[in-house]
Amino acid sequence: MVPPVFRFAPSPNGYLHLGHAYSALLNFGRARETGGRLLLRIEDIDATRCRPEYETAIYEDLAWLGITWNVPVRRQSEHLADYRAALEKLSALGLVYPAFESRAEIARLVSAREADGPWPRDPDGAPLYPGNARSLSTDERRRMIASGAPYALRLDMAAACGRVAGLTWNELGEDPDGERGRVAARPEVWGDVILARKETPTSYHLSVVLDDALQGVSEIVRGQDLFHATSVHRLLQALLGLPEPAYRHHRLIRDGEGRKLSKSDQATGLRELRAAGVTPAGICQLVGLGQVSLGVSQTPP
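The sequence shown begins at 1 in UniProt numbering and counts up one residue at a time.
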């Protein structure tokens with residue numbers, strides 16, 4: 001039997017906090033319980049926000065917690081060709097189109113649509129794409145691209161859903177909707193999601209499903225805030241012919257007012273807590289894990 005593979009995949013756009021510690025410790029614990037492997041992935045496709053010092057801090061914080069991982073570490077910025085190839089496959093299926101509206105223009109379009117009633121929003125609360133870029137001719141799209149206009153490459157959700165039906169996933173965790181076992185995927189509620197931009201050949205949705213497949217991740221342990229996004233991920237997996245992992249969505253660690261933790265909240269930052277004298281065992285208690293068997297620190301390559 002092939003040992004299961006888990007992953008912890010932070011973005012180096014800030015320092016880790018208690019919520020990251022909880023997720024990393026859960027993944028580490030699951031890998032130990034099952035005799036599996038834990039991978040570390042650095043999701044650094046956002047070149048404007050990701051910094052080397054934050055990546056270094058990730059290694060330091062995880063090692064301090066006693067978490068070990070298999071090497072090498074996968075950095076998304078080193079694998080852009082993989083994401084381009086996946087995007088080209090979806091484009092060849094006629095499922096991708098460029099949309100040229102700016103964020104401000106989209107906001108104005110949504111405001112105009114809402115004159116006739118509420119405009120639909122995705123599970124995260126963002127309005128669905130309201131533009132008509134799908135109807136542009138091939139010549140018009142080429143002209144706009146040649147002019148240097150910025151654009152986002154969107155998934156034609158209706159066409160994509162028309163290619164696959166009856167998608168589900170295996171939910172093992174603490175999902176927010178009270179569903180466990182086989183959960184029905186509803187990617188259509190997200191509208192035409194962005195898969196890439198002119199300056200970046202991938203998005204979170206595209207890169208995460210491809211990385212998980214290429215790395216052989218078999219059980220994805222992550223926060224409940226990504227529960228509904230799993231519908232989009234299952235759709236992309238089906239379209240690209242990728243294997244289906246199991247999912248275990250866990251509760252979020254929140255602040256005293258019930259809000260999801262932020263990397264800007266120093267009160268819950270691991271570096272600040274460590275400087276204040278909190279021990280790794282204390283971190284486990286703070287996130288409600290009690291006694292956790294911690295490993296030996298490991299220095300990344």
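Note that beta-carbon positions come from the ideal geometry of N, C-alpha and C, so glycine has one too. This structure is a prediction, so every number in the text was calculated from the model and none was measured.
Residues near residue i by beta carbon distance below 7 Å, same chain, minus five either side
| i | result |
| --- | --- |
| N70 | R37, L38, L39 |
| H20 | P10 |
| R182 | T168, N170 |
| L26 | V221, H250 |
8 Å Cβ cutoff met for residue i and residue j
| i | j | result |
| --- | --- | --- |
| F6 | V221 | yes |
| D61 | L270 | yes |
| E244 | W169 | yes |
| L214 | D122 | no |
| A238 | L167 | yes |
Own chain partners of residue i with C-beta closer than 6 Å, once the 5 adjacent residues on each side are dropped
| i | result |
| --- | --- |
| E43 | A9, S11, Q76 |
| G295 | Residue placement at G295 is poorly supported in this model, since its pLDDT is 40, which falls under 50; the coordinates still yield a value, given next. So the list reads G66, T68, once near-sequence residues are dropped. |
| F100 | M144, A149, Y151 |
| L80 | P201 |
| A281 | none |
Candidates the options: closest to residue i by CA position
| i | options | result |
| --- | --- | --- |
| Y247 | E188, L109, V217 | V217 |
| E105 | P130, A275, A92 | P130 |
| R108 | S91, L90, P127 | P127 |
| L95 | Y83, N132, V2, A160 | A160 |
| L242 | G125, D211, T279, G181 | D211 |
| A165 | L136, L236, A133, S135 | L236 |
| E140 | L252, P98, D46 | P98 |
| N132 | G125, R163, R113 | R113 |
| R134 | K89, E179, V193 | V193 |
| T48 | N13, L26, V278, P72 | N13 |
| D255 | T279, A275, V287, G277 | V287 |
| E33 | P52, D46, C50, P4 | P4 |
| I253 | A276, Q285, E53, L136 | Q285 |
| R274 | V110, L240, W64 | W64 |
| R163 | N27, G125, L90 | L90 |
Assigned exposure category for residue i - 16 Cβ within 10 Å defines buried
| i | result |
| --- | --- |
| S102 | exposed |
| T138 | exposed |
| E55 | buried |
| V2 | exposed |
| G117 | exposed |
| R259 | exposed |
| R41 | buried |
| A57 | buried |
| G178 | exposed |
| A92 | exposed |
| I283 | buried |
| A31 | buried |
| P301 | In this prediction, P301 has a pLDDT of 34, which is less than 50 and means its spatial position is unreliable; what the coordinates show is noted afterwards. By the 10 Å Cβ count, P301 comes out exposed. |
Contacts around residue i, its chain only, beta-carbon distance under 8 Å, and the 5 residues preceding and following it disregarded
| i | result |
| --- | --- |
| S23 | F8, V221, R222, G223, H250 |
| G191 | P120, D122, L128, Y129, M157 |
| L226 | H249 |
| L206 | Y83, A86, L87, L195, A196, L236 |
| D46 | S11, N13, T200 |
Min CB distance residue i to chain D below 8 Å
| i | result |
| --- | --- |
| S91 | No chain D appears in this structure, which consists of one protein chain only. |
Would you check if there are 3 or more beta carbon pairs closer than 8 Å linking the segment 192-210 to the segment 137-154? yes
Are three or more beta carbon pairs between the segment 185-196 and the segment 222-236 nearer than 8 Å? Enough Cβ pairs lie closer than 8 Å, so yes.
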